[in-house]
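S.K.: Dropping a structure here in structure tokens format, bear with me for questions.
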Ligand SMILES: Cc1cc2nc3c(=O)[nH]c(=O)nc-3n(C[C@H](O)[C@H](O)[C@H](O)COP(=O)(O)OP(=O)(O)OC[C@H]3O[C@@H](n4cnc5c(N)ncnc54)[C@H](O)[C@@H]3O)c2cc1C
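Numbering (our numbering), first residue to last: 36 to 440.
Put into structure tokens, the structure is as follows:
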């Protein structure tokens with residue numbers, strides 16, 4: 036008899052886990068997936084492209100219904116899991132009977148943060164996380180609304196770009212003195228700002244949102260330094276918070292995320308967590324690649340094979356058409372490291388490679404990101420770069436030819 040394995044959350048991590056389980060433990064588990072979004076799992080990363088009108092909403096489904104059926108997965112979507120009964124090994128679902136499990140996996144992702152400022156609950160304040168949000172934002176843009184996006188990280192930039200492309204007048208506010216400060220050094224960020232402004236987006240830095248004005252709905256936004264910006268809508272893209280309520284409810288240890296070990300096990304036996312809701316070795320990742328690596332390790336563990344997830348080297352790619360940005364590893368350059376920089380601001384290109392102890396440890400690319408994956412491989416594999424150091428700035432092809440010569 037197959038063991039009942041229940042996954043909470045029908046997002047990207049859950050879909051990948053089912054995929055990996057089908058490869059290594061086919062038939063061992065009767066898998067059920069419970070997700071509160073009212074559709075099949077989709078590629079959330081592509082929501083930015085849907086907003087920008089570059090991808091159709093129905094094209095982002097990760098797998099068709101038949102794929103789930105063929106793997107014998109019971110899919111319950113539009114269902115919110117409310118409670119775990121650890122003793123009875125049951126998951127309670129809103130307005131439904133409970134589901135029994137022998138193993139439970141929490142893949143509940145994150146929720147967008149809403150700034151705690153006066154006016155944050157007015158009509159016209161939105162976030163950017165799921166397909167329902169995208170539909171709302173597209174309606175705003177179609178009405179040529181004035182939209183303020185709060186947050187100049189990856190998500191805020193992609194929201195601003197998509198909204199501007201769809202017809203809205205967009206102002207992007209960022210608290211810090213440079214965009215994407217967690218991925219870019221100041222030169223790369225300055226170049227990015229100018230490229231984004233060329234897309235018709237107004238960018239305000241050092242912009243601390245103090246309050247949102249309006250009687251019933253948004254009329255404007257006020258910054259801490261007194262600046263006022265007229266607006267019909269505000270989009271918060273200022274961070275995410277892991278969804279940990281289910282775990283917390285039964286005393287599973289939680290810091291920022293649900294604490295897991297190297298086999299993705301939580302503090303309670305047979306209950307696992309992965310993806311954005313999980314915290315591994317003190318890190319909650321907000322990107323999909325670590326979730327996929329965790330899915331691989333967890334599937335192996337659940338199949339009874341030796342497996343361990345030891346953390347991920349993350350990379351960021353901005354998805355704004357005509358503005359290519361890539362960042363990975365130590366992009367600032369820790370003490371004792373050296374930086375090789377090529378900067379041609381006029382042509383919209385900036386490249387910085389960080390080298391430490393004869394290895395590539397970080398990279399920032401703006402403009403030409405063609406060799407991003409190669410740099411990422413070099414960083415991940417910690418390969419010695421002495422033979423290609425002189426030429427690697429000019430890309431894989433040149434460096435490889437020079438090495439062979
Ligand atoms: C617009 C946008 C662009 C992005 N771009 C990138 C990118 O370029 N690169 C990158 O690496 N990452 C990107 N990300 C982040 C990436 O999408 C996430 O890291 C990834 O989706 C995490 O997968 P997950 O399964 O952990 O969470 P999710 O995909 O969020 O799935 C979690 C699911 O669980 C459901 N859920 C939560 N609680 C419950 C409950 N109690 N009961 C039932 N269901 C529940 C949620 O509704 C959700 O459907 C982007 C995110 C957004 C929003």
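Using N, Cα and C, we set each Cβ at its ideal position, and we do this for glycine too.
Following a CB-centred definition, is residue 370 positioned closer than 7 Å to any heavy atom of ligand 1?
M.R.: Incorrect: residue 370 has no Cβ contact closer than 7 Å to ligand 1.
S.K.: Between the stretch 331-342 and the stretch 359-373, can you find at least three pairs of beta-carbon atoms closer than 8 Å?
M.R.: Taking 8 Å as the limit for Cβ pairs, the verdict is that the stretch 331-342 does not touch the stretch 359-373.
S.K.: I'd like the list of long-range same chain contacts for residue 302, defined as Cβ closer than 7 Å, with 5 residues on each side in sequence excluded.
M.R.: For residue 302, where only same-chain residues beyond five positions count, the Cβ hits under 7 Å are 287, 288, 294.
S.K.: Relative to the alpha-carbon of residue 24, which residue among 55, 72, 245 has its alpha-carbon at the smallest distance?
M.R.: Here the chain comprises residues numbered 36 to 440, so residue 24 is not present and cannot be evaluated.
S.K.: So, is residue 200 buried or exposed, given that buried needs 16 or more other C-beta atoms within 10 angstroms?
M.R.: Buried: at least 16 other Cβ atoms inside 10 Å.
S.K.: Express the C-alpha separation of residue 103 and residue 385 in angstroms, rounding to a whole number.
M.R.: C-alpha separation (whole angstroms): 44 Å.
S.K.: Could you pull the DSSP bridge partners for residue 51 from this structure?
M.R.: Paired residue(s): none; residue 51 is not in a bridge.
S.K.: Tell me which same chain residues have a C-beta within less than 7 Å of the C-beta of residue 323, skipping the five on either side of it?
M.R.: Closer than 7 Å at the Cβ level, and outside the excluded window around residue 323, lie 47, 80.
S.K.: Cα separation between residue 382 and residue 403?
M.R.: The straight-line gap from Cα to Cα measures roughly 10 Å.
S.K.: For residue 204, list the residues DSSP reports as bridge partners.
M.R.: According to DSSP, which records beta bridges pairwise, residue 204 is partnered with 181.
S.K.: Distance, Cα to Cα, residue 44 vs residue 88?
M.R.: Residue 44 and residue 88: Cα-Cα distance of roughly 27 Å.
S.K.: Using a Cβ-based criterion (distance less than 7 Å to any ligand heavy atom), does residue 271 qualify as near ligand 1?
M.R.: Incorrect: residue 271 has no Cβ contact closer than 7 Å to ligand 1.
S.K.: Determine the DSSP secondary structure at residue 214, reduced to helix, strand or coil.
M.R.: If DSSP states are grouped into helix, strand and coil, residue 214 belongs with coil.
S.K.: Assuming residue 244 and residue 182 are in contact, meaning their beta carbons sit under 8 Å apart, how far apart are those beta carbons, in whole angstroms?
M.R.: Wrong, their Cβ atoms sit about 14 Å apart, outside the cutoff.
S.K.: Could you pull out every residue in the same chain whose Cβ sits closer than 7 Å to the Cβ of residue 428, ignoring the five residues on either side in sequence?
M.R.: Contacts found: 375, 377, 386, 388.
S.K.: Bridge partners of residue 162, per DSSP?
M.R.: The partner list for residue 162 (beta bridge, DSSP) reads 271.
S.K.: Reducing DSSP to helix, strand and coil, say where residue 127 ends up.
M.R.: Residue 127: strand per DSSP, three-state reduction.
S.K.: Regarding residue 47 and ligand 1, is the C-beta to nearest heavy atom distance less than 7 Å?
M.R.: Flag set: Cβ of residue 47 near ligand 1.
S.K.: Pick helix, strand or coil for residue 420, following the three-state DSSP scheme.
M.R.: Reduced to three states, the DSSP call for residue 420 is coil.
S.K.: Using a Cβ cut-off of 8 Å (strictly closer), state whether residue 415 contacts chain D.
M.R.: Among the protein chains of the structure shown there is no chain D, as only one such chain exists.
S.K.: Which same chain residues end up closer than 6 Å to residue 250 when comparing Cβ atoms and leaving out the 5 residues on each side of it in sequence?
M.R.: Excluding sequence neighbours, residue 250 sits near nothing in its chain.
S.K.: Using CA coordinates, which residue listed in 98, 406, 69 is at the minimum distance from residue 433?
M.R.: Nearest option by C-alpha distance: 406.
S.K.: On a CA-only basis, which of 379, 307, 416 is nearest residue 395? Give me that one, please.
M.R.: That would be 416, whose Cα lies nearest to the Cα of residue 395.
S.K.: Does the beta carbon of residue 164 fall short of 7 Å from some heavy atom of ligand 1?
M.R.: Result yes, Cβ under 7 Å from ligand 1.
S.K.: Could you give the distance in angstroms between the alpha-carbon of residue 162 and the alpha-carbon of residue 123?
M.R.: Cα to Cα, residue 162 sits roughly 37 Å from residue 123.
S.K.: Tell me whether residue 345 sits in a helix, a strand or coil according to DSSP, three-state version.
M.R.: Coil at residue 345, not helix or strand.
S.K.: Between 184, 309, 38, which lies nearest to residue 328 when the distance is taken from Cα to Cα?
M.R.: Ranking 184, 309, 38 by Cα distance to residue 328 puts 309 first.
S.K.: Between the Cα of residue 218 and the Cα atoms of 397, 408, 73, 159, which residue gives the shortest distance?
M.R.: Looking at the Cα atoms, 397 is the closest of the given residues.
S.K.: For residue 247, which of helix, strand or coil comes out of DSSP?
M.R.: Residue state, collapsed to three classes: strand.
S.K.: What residue ranges within the stretch 250-322 form continuous beta strand (DSSP E) runs of no fewer than 3 residues, ordered along the chain?
M.R.: Entirely contained in the stretch 250-322, the beta strand (DSSP E) runs reaching 3 residues are, in chain order, 255-258, 263-265, 268-271, 275-277, 293-295, 306-308, 313-315.
S.K.: Does the count of Cβ pairs from the stretch 92-101 and the stretch 255-271 closer than 8 Å reach three?
M.R.: They do not touch, by the three-pair rule.
S.K.: Is it the case that the CB of residue 116 approaches a heavy atom of ligand 1 more closely than 7 Å?
M.R.: Result yes, Cβ under 7 Å from ligand 1.
S.K.: Three-state secondary structure (DSSP) at residue 58?
M.R.: Here residue 58 sits in helix by DSSP.
S.K.: Is it the case that the stretch 173-192 contacts the stretch 205-222, given that we only count it when at least three CB pairs across the two stretches are under 8 Å?
M.R.: Touching, yes.
S.K.: Can you look up residue 373 in the DSSP assignment and give me helix, strand or coil?
M.R.: In this structure, residue 373 counts as strand in the three-state DSSP scheme.
S.K.: Taking just the CA atoms, how far does residue 369 sit from residue 157?
M.R.: Roughly 43 Å between the two C-alpha positions.
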